[in-house]
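Notes to accompany the following structure.
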Amino acid sequence: MAASTKTGYDPSTMQWVDIEVAETREDPIPGEDEYLQIMVRQTQEKLAKMKPRGSTAAAQPQARKTGSTPAACVEYPRQLVTWKPTHTPRIRSDELVIVLKPKITMDLHAAFGLGGIGTAVQRFTGSTTNANISVWPVWDQNIVVVGVKTESLASKLIGDITLTIGDRQVPFQGHLRSAGETCKGVVTVADNETSESLRRKLEWIDGEILYVRKLGTSNVAVVTFKGRRVPRFIHYCSENVPVRYYKKTVPACYRCGTVGYRPDACPNPDNQRCIHCGAKVELTPEGPAKHDCQPECLICGENHFTGSAQCVGKFRKAWKPALTQRQHGLKNKQEEPSAPLRTDEKAKPMHNRPKPIKAPAGQKLRPPSFGAEDFPSQANPPKQVSNWVGVSSQSLTTTTTSPSNSEILKQLEAIKKRIETLERENRALKASQAATPPPLSEPVDYAHLRLLGR
C-alpha cells in the first residue's frame, strides 16, 4: 500500500515535521473472495459461541405446577396466514450457504429432474463425497440452495457459473448468504450502477460494510453491515443517503401470474399477459393491445400494481425493528403476567362504554345513601346452609323468586320520589334559615364592669 507525506506538529520537539502515513484504501468494501473469508470467520465464531447439545444440564424434568394446563390444551389466538415457501432448506450451522438463480428463462424442475441438479453441481465443483456439499432444489421458487463446508467449494459457486445438463449449458448466478453477527440495509442508487461500481462509491464512516449487491436492473442495492446495528445514513458518492431496513417480501411474478418466485426467475413467462391486470391481450410490435386495464395485485387482490408500496401483504412476516436501550431496560424488568386472551367474547368498542361521571371543580362526588325503608324486604329469604346441597337449592330458590322487570321499575320510581322529597325538604330548610336573621345580643356596659372590678 502506498504511503503519503503529511505535515504535522510534534509537541516533544515543538517543531513542524513531515511524517509518512498510509493512504486509505481505494476499494473499502470487500470483494466476493474477501467477503467469503469474512463469512467463514463469522461462521466459526458463531459455532464457538454455540453450546453443544449434550453440555446442557442433564435435563432434570421439572414437575408441572398444580393446576397448569398442558400445551396441547392451550388455545392461542388465530393469526393471519401469510405466504411461506413449500420447501424450506434445513442448512446445518457449520455450512456456508450459496443461492443459485438461473440467468435465463427456464423451468429447473423440468430441465434437471430428480437428481439432475445435484449431479450437475457435484460435477462442476469436483466434489466426490456427499458429506462436503448439500444441494436443496427449491422448485416452487425456481432456485437452488447449496450448503458447503469448505471455503474452496464455496468460492467455485459464487458469481457467474455454468452447469451442464446433458449437452446443454445453463448459466447461473450464485451469491453468498450472510451469517453470523451481520445485518442488512437497503439504499437507493442510480439505475446504471453495478455491484462492482458500488464497492468504490459506498462508505460507512462509523462502521464497516462487508458486502454490497445490486438487485437486478432496479435502483436498489442491499448492503451488508458488520454487527447488529443498521446505520441511519451512509455515504454514496460523498452524499448522505438514508438506509432502510431490509425486509423479505413475498415473491410474485406478474409475467405468469404466480406467487412464489420473482419475474427474473419465471419458468413459464406469458408474453400475451398484461403485467398490470393479468388479462390476455394480443401482442403488437408497439406492445400489448389497448384494453380496459384495471390493476390487481397478485398478493392481496387490491387495485394496485403487484408488490407496490400500498400492498398490505407485501412482506413475509410482521417486521419489528430492534429495541432501543430504554426499551431493553423496560423489557428486562419483571412484569405481572397479563390476563389470558378471551376468544369467545368480542372486545367492546370504546364508544359504546359509559363515560365516567365527573364532579364539578372543588366538590367531591359521593354515592347516594339509602335507608332500609327505601327497599321492600323479600317475602321468603333463602336459608343459609353450609353443605353443597343447600348451595344448589339456594341458587334455585333465588332464581325463582327474583323480582320481575315491573317490580324493579316500581322500586326505582319509589326511590326517585324519595329523592325528590328530600330535595324539597332541603330547599325549604335553607330558605327558612336565610329568612330568619339570628338574634342580636344586648349591648354591654363596659363602664359598669370597670366599677365592679374596682
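Convert by adding 613 to the 1-based position in the sequence shown; the result is the number in the working numbering. Cβ atoms here follow ideal geometry from the backbone N, Cα and C, with glycine treated the same way.
I888 versus Y867: straight-line alpha-carbon distance, rounded: Here the question's residue 888 lines up with position 275 in the sequence shown. Here the question's residue 867 lines up with position 254 in the sequence shown. Taking C-alpha positions only, I888 is separated from Y867 by approximately 5 Å.
Where the beta strand (DSSP E) through Q786 begins and ends: The sequence position of residue 786 within the sequence shown is 173, counting from 1. Annotation: the continuous beta strand (DSSP E) that includes Q786 extends over R781 to L789.
Selection from A834, V799 and A792 that minimises the alpha carbon distance to E809: In the sequence shown, counting from the first residue as 1, residue 809 sits at position 196. It is A834.
Buried versus exposed call for N805 [16 or more other C-beta atoms within 10 Å across all chains shown]: Residue mapping note: residue 805 aligns to position 192 of the sequence shown, counting from 1. So N805 counts as exposed.
M663 to Q923 span [Cα, whole Å]: Counted from its first residue, the sequence shown places residue 663 at position 50. Counted from its first residue, the sequence shown places residue 923 at position 310. A straight-line Cα-Cα distance of about 41 Å links M663 and Q923.
Continuous beta strand (DSSP E) assignments of at least 3 residues falling wholly in the stretch 784 to 870: Within the stretch 784 to 870, the complete beta strand (DSSP E) segments at least 3 residues long are 795 to 801, 822 to 827, 833 to 839, 846 to 849 and 852 to 855, listed from N- to C-terminus.
Three-state secondary structure (DSSP) of V751: By one-based count along the sequence shown, residue 751 stands at place 138. Strand.
Residues of its chain near Q782, where Cβ-Cβ distance is below 7 Å and the 5 sequence neighbours each way are ignored: Within the sequence shown, residue 782 is the residue found at index 169, counting from 1. If we look at Q782 and ignore the five residues flanking it on each side, its Cβ neighbours are T775.
Nonlocal neighbours in the same chain, by C-beta distance under 7 Å from I778, ignoring five residues either side: Translated into the one-based positions of the sequence shown, residue 778 becomes position 165. The answer, listed in chain order, is A724, F725, G729 and A733.
Helix, strand or coil at D877 [DSSP, three-state]: To locate residue 877, count along the sequence shown from 1; it is residue 264. Here D877 carries a helix assignment [DSSP, helix/strand/coil].
I711, enclosing beta strand (DSSP E) - first and last residue: Taking the first residue of the sequence shown as position 1, residue 711 is located at position 98. Taken as a continuous stretch (DSSP letters only), the beta strand (DSSP E) holding I711 covers L709 to P715.
Same chain, Cβ closer than 8 Å to E658, five either side skipped, listed in chain order: Translated into positions along the sequence shown, residue 658 becomes position 45. Cβ neighbours of E658 beyond the five flanking positions: G793 and E794.
Distance, E1036 Cα to Q1046 Cα: As a working note, residue 1046 is residue 433 in the sequence shown. As a working note, residue 1036 is residue 423 in the sequence shown. Whole-angstrom Cα-Cα distance: 16 Å.
Residues near K933 in its chain [Cβ-Cβ closer than 7 Å; skip 5 each side]: For the purposes of this step, residue 933 is taken as residue 320 along the sequence shown, with counting starting at 1. Confidence at K933 is low in this model, with a pLDDT of 49, below 50, so the placement of that residue should be treated as unreliable; the coordinate-derived value is given next. Sequence-distant Cβ neighbours of K933 in its own chain, meaning closer than 7 Å and more than five residues away, do not exist here.
Helix, strand or coil at G731 according to DSSP, with G and I counted as helix: On the sequence shown, position 118 is the one that residue 731 refers to. The answer is helix: DSSP assigns G731 an H, G or I state.
Nearest to D720 (by Cα), restricted to the options Y849, Y874, I1021 and E899: Against the sequence shown, residue 720 aligns to sequence position 107. Ranking Y849, Y874, I1021 and E899 by Cα distance to D720 puts Y874 first.
Classification of G820 by the beta-carbon crowding that lies within 10 angstroms, buried from 16 upward: Numbered from its first residue, the sequence shown carries residue 820 at position 207. Answer is exposed; the Cβ neighbour count stays below 16.
Within 9 Å, strictly: CB atoms of I651 and E816: Locating residue 651 in the sequence shown gives position 38, counting from the first residue. Locating residue 816 in the sequence shown gives position 203, counting from the first residue. No, Cβ-Cβ distance for I651 and E816 is not below 9 Å.
Three-way DSSP call (helix, strand, coil) for T1011 in this model: Residue mapping note: residue 1011 aligns to position 398 of the sequence shown, counting from 1. Unreliable positioning characterises T1011 in this predicted model, as indicated by a pLDDT of 44, which lies under 50. A coordinate reading is not provided.
Exposure of S791, with buried meaning 16 or more beta-carbon neighbours within 10 Å: As a first step, residue 791 must be located in the sequence shown, where it is residue number 178. Buried, by the Cβ-count rule.
N- and C-terminal bounds of the beta strand (DSSP E) containing Q718: Mapped onto the sequence shown, residue 718 falls at position 105. For clarity, residue 718 is Thr in the given sequence; the question names Gln instead. Taken as a continuous stretch (DSSP letters only), T718 belongs to no beta strand (DSSP E), as it is neither H nor E.
Validate contact between the stretch 740 to 747 and the stretch 621 to 628 using beta carbons, cut 8 Å, 3 pairs: Output reads no: the stretch 621 to 628 does not touch the stretch 740 to 747.
Assigned exposure category for I912 - 16 Cβ within 10 Å defines buried: By one-based count along the sequence shown, residue 912 stands at place 299. Burial call: buried.
Where the beta strand (DSSP E) containing L911 begins and where it ends: Start at 1 with the first residue of the sequence shown, and residue 911 comes out as number 298. DSSP places L911 outside any beta strand (DSSP E), giving it a letter other than H or E.
DSSP beta-bridge partners of G772: The count along the sequence shown starts at 1 and reaches residue 772 at position 159. For G772, which the question treats as bridged, DSSP gives the partners G787.
Cβ-based burial, C879 [other Cβ within 10 Å; buried from 16]: The count along the sequence shown starts at 1 and reaches residue 879 at position 266. Taking all protein chains in view, the Cβ of C879 is crowded by 16 or more other Cβ atoms within 10 Å, so the residue is classified as buried.
E633 to T620 span [Cα, whole Å]: One-based indexing of the sequence shown puts residue 633 at position 20. One-based indexing of the sequence shown puts residue 620 at position 7. Just so you know, the alpha carbons of E633 and T620 end up roughly 9 Å apart.
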